[in-house]
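For reference, the structure discussed in these notes is given below.
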Amino acid sequence: MDLLKADPRLTRRTPLVKFTGSKIRVYNAPAAVTKTPMILPGDPTFRPMASSPVAVSEIVWDRVLYTVMISDEVSPTRSYTLAGVLSKMDDDRHAMKKNSRRLKFLLVSKNILRNRLALPYLYRDPTFWNNARLQRFEECLCAHASLGVHVHEIRRYGDPPFCGSETRRPDFVRIFSCTSRLVRLISDSGDLTVMRDAFEGLANTAGVTLTEISGFRVKPNDFRMSSDPTPFMHFTVLRSLKWNSLITFSKGTPGQSSAALSALESLDEASTIFEHCPALLHFELRLVGAYGDDGNYPPGLACPPKHHSLVKVVVQKSPAAGRNARDDHAEWTKFWANSAWGDFPALRRTEVVPLEWPPNECVDILLSPLVPALMNGRRSC
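The sequence shown begins at 17 in the working numbering and counts up by one.
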């Protein structure tokens with residue numbers, strides 16, 4: 017205790033805690049909050065805006081409900097640092113309790129008008145922690161289809177289900193048929209499978225409103241099904257797409273390819289997608305050495321004719337477990353040699369984690385034969 021008192025770092029400023037031999041005294045404690053008694057109305061039968069027109073009453077109550085249910089909520093953030101992971105855990109708990117907090121404002125009200133006005137805020141971004149809750153949501157939409165127009169975001173949190181752990185998967189065909197104003201479709205639980213017919217239904221009902229699709233794997237109903245790009249024609253405002261599906265893109269009829277996904281800005285999966293996305297600005301590619309049946313990397317990046325919008329490419333290399341290092345290096349070298357970087361004249365920034373090219377003469381650097389060797393040497397450091 018004497019050493020603590022003698023430490024000049026503790027005596028320079030007024031301490032908040034004073035150590036004594038018997039008890040601890042806390043100084044500068046916050047003052048007690050004075051509670052203001054609630055004043056009851058003189059007339060118990062008084063009802064606010066009882067004589068106001070219905071239109072005026074709806075506007076006022078809509079603003080009140082928005083203030084107490086939505087306006088104080090903070091948008092979640094994402095980061096891969098330790099602080100970001102802890103922040104994500106807080107965000108997850110926040111999302112889990114969000115609708116419970118919103119609902120409590122309705123449980124104290126017997127006013128049907130007020131409850132109806134609150135539906136857009138209660139159903140706008142439901143969060144689901146397992147398939148069972150998604151199934152209940154599906155059943156609710158089937159019984160009350162009008163609720164689906166209030167849903168702007170569907171998010172799936174939690175770990176992906178193990179095979180056989182859940183008896184039935186949610187029917188996304190029925191869910192997407194009711195959510196015509198969906199803006200974001202996100203799964204943070206790994207790859208959540210959506211059948212091809214459900215994906216086509218999503219394109220037909222919410223293609224003009226969806227701006228982001230992430231974490232959903234589209235699976236064909238029939239493995240003989242052709243890779244028809246027609247559903248992508250309906251996603252006219254889609255800006256971010258994480259495509260984790262086995263269904264690849266193929267050339268459609270003339271005129272289709274250039275029009276599909278015209279608003280896309282961000283894509284993080286390798287495919288022949290460039291011709292379908294003329295407005296693509298940022299492309300992120302993760303090479304894990306497990307491409308196709310032979311386990312090789314994709315042959316390279318190219319876009320004949322030229323792609324004039326792409327300005328940034330990020331390539332991250334993660335060799336597959338148990339793979340021969342020499343074969344892995346050979347595939348890596350072949351990927352760079354086969355990539356037609358001249359097909360992207362607008363390219364200004366390239367990152368090969370953890371390296372980054374300078375913006376000037378970016379394409380010329382990529383065409384250099386020294387690049388694959390440099391990448392191999394950097395990876396082995």
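Positions of the beta carbon are idealized from the N, C-alpha and C atoms, including for glycine.
_What does the Cβ neighbour count give for residue 329, buried or exposed, with the cut at 16 atoms within 10 Å?_
Here residue 329 refers to the residue found at position 313 when the sequence shown is read from its first residue. Residue burial annotation: residue 329 is buried, with at least 16 other C-beta atoms found within 10 angstroms of its C-beta.
*residue 203: buried (16+ other C-beta within 10 angstroms of its C-beta) or exposed?*
For the purposes of this step, residue 203 is taken as residue 187 along the sequence shown, with counting starting at 1. Under this definition residue 203 is a buried residue.
*Taking only the alpha-carbon atoms, compute the straight-line gap between residue 154 and residue 195 and give it to the nearest angstrom.*
In the sequence shown, counting from the first residue as 1, residue 154 sits at position 138. In the sequence shown, counting from the first residue as 1, residue 195 sits at position 179. Near 11 angstroms, if we compare the C-alpha coordinates of residue 195 and residue 154.
_Between the alpha carbons of residue 236 and residue 75, how many angstroms are there, rounded?_
Along the sequence shown, one-based indexing puts residue 236 at 220. Along the sequence shown, one-based indexing puts residue 75 at 59. If you take the alpha carbons of residue 236 and residue 75, they lie about 46 angstroms apart.
*Which stretch, first to last residue, makes up the alpha helix (DSSP H) that contains residue 193?*
Taking the sequence shown and counting its residues from 1, the one referred to as residue 193 is at position 177. Residue 193 -> alpha helix (DSSP H) spans 188-194.
*Length of the line joining the Cα atoms of residue 101 and residue 296*: Position 85 of the sequence shown, counting from 1, holds the residue named residue 101. Position 280 of the sequence shown, counting from 1, holds the residue named residue 296. Annotation note: pLDDT 43 at residue 101 (below 50); position unreliable, no value reported.
*Cα-Cα, which of 225, 149, 331 and 168 is closest to residue 365?*
Taking the sequence shown and counting its residues from 1, the one referred to as residue 365 is at position 349. With distances taken between Cα atoms, residue 365 lies closest to 331.
*Check each candidate in 151, 186, 80 and 135 and name the one with the smallest Cα separation from residue 168.*
In the sequence shown, residue 168 corresponds to position 152, counting from 1. Measuring from the Cα of residue 168, the nearest candidate turns out to be 135.
*asked:* Is it buried or exposed, residue 251, if we count other Cβ atoms within 10 angstroms and call 16 or more buried?
replied: The sequence position of residue 251 within the sequence shown is 235, counting from 1. Counting Cβ neighbours within 10 Å, residue 251 comes out buried, since at least 16 surround it.
*To which residues does DSSP link residue 165 through a beta bridge?*
Within the sequence shown, the letter at position 149 stands for residue 165. Residue 165 is not bridged to any residue.
*Do the CB positions of residue 218 and residue 210 come within less than 9 angstroms of each other?*
As a working note, residue 218 is residue 202 in the sequence shown. As a working note, residue 210 is residue 194 in the sequence shown. Contact check for residue 218 against residue 210 passes: the beta carbons are separated by less than 9 angstroms.
*asked:* Taking the alpha-carbon of residue 355 as reference, which of 186, 318, 368 and 324 has the nearest alpha-carbon?
replied: For the purposes of this step, residue 355 is taken as the residue at position 339 of the sequence shown. Comparing Cα-Cα distances from residue 355 to each of 186, 318, 368 and 324, the minimum goes to 318.
*Since residue 150 is in the alpha helix (DSSP H), which residue starts that stretch and which ends it?*
One-based indexing of the sequence shown puts residue 150 at position 134. Its alpha helix (DSSP H) spans residues 147-159.
*Inter-residue Cα distance where the pair is residue 147 and residue 199*: Locating residue 147 in the sequence shown gives position 131, where the first residue counts as 1. Locating residue 199 in the sequence shown gives position 183, where the first residue counts as 1. Distance between the alpha carbons of residue 147 and residue 199 is about 21 angstroms.
*With 16 other CB atoms within 10 Å as the buried threshold, where does residue 229 fall?*
Position 213 of the sequence shown, counting from 1, holds the residue named residue 229. Buried.
*Helix or strand or just coil, what does DSSP make of residue 234?*
As a working note, residue 234 is residue 218 in the sequence shown. Strand.
*Close beta carbons around residue 163, own chain, < 8 angstroms, minus the five adjacent residues each side*: Along the sequence shown, read from residue 1 onward, the residue named residue 163 stands at position 147. 135, 139, 156, 157 and 194.
*When the Cα atoms are used, what is the spatial distance from residue 342 to residue 349?*
Position 326 of the sequence shown, counted from the first residue, corresponds to residue 342. Position 333 of the sequence shown, counted from the first residue, corresponds to residue 349. Residue 342 and residue 349: Cα-Cα distance of roughly 11 angstroms.
*Could you name the residues of the same chain whose beta carbon sits closer than 7 angstroms to that of residue 149, not counting the 5 residues immediately before and after it, in chain order?*
Counted from its first residue, the sequence shown places residue 149 at position 133. The answer is none, since no qualifying residue turns up.
_Buried/exposed call for residue 246, threshold 16 Cβ in 10 Å_ = Position 230 of the sequence shown, counting from 1, holds the residue named residue 246. That one is exposed.
*Would you grab the beta carbon distance between residue 280 and residue 293 for me? Rounded to a whole angstrom, and I think it's under 8 angstroms.*
Sequence index remark: in the sequence shown, residue 280 carries index 264 (1-based). Sequence index remark: in the sequence shown, residue 293 carries index 277 (1-based). That belief holds up - the Cβ atoms of residue 280 and residue 293 are roughly 4 angstroms apart, short of 8 angstroms.
*asked:* Could you tell me the alpha carbon to alpha carbon distance between residue 232 and residue 84, rounded to whole angstroms?
replied: Residue numbering aside, residue 232 sits at position 216 when the sequence shown is read from its first letter. Residue numbering aside, residue 84 sits at position 68 when the sequence shown is read from its first letter. Their backbone Cα atoms lie some 33 angstroms apart in a straight line.
*Could you give the distance in angstroms between the alpha-carbon of residue 172 and the alpha-carbon of residue 63?*
Sequence index remark: in the sequence shown, residue 172 carries index 156 (1-based). Sequence index remark: in the sequence shown, residue 63 carries index 47 (1-based). Cα to Cα, the separation comes out at about 41 angstroms.
_Minimum C-alpha distance to residue 170 - residue among 226, 216 and 161_ = Here residue 170 corresponds to residue number 154 of the sequence shown, with the count starting at 1. Checked all of 226, 216 and 161; the closest Cα to residue 170 is 226.
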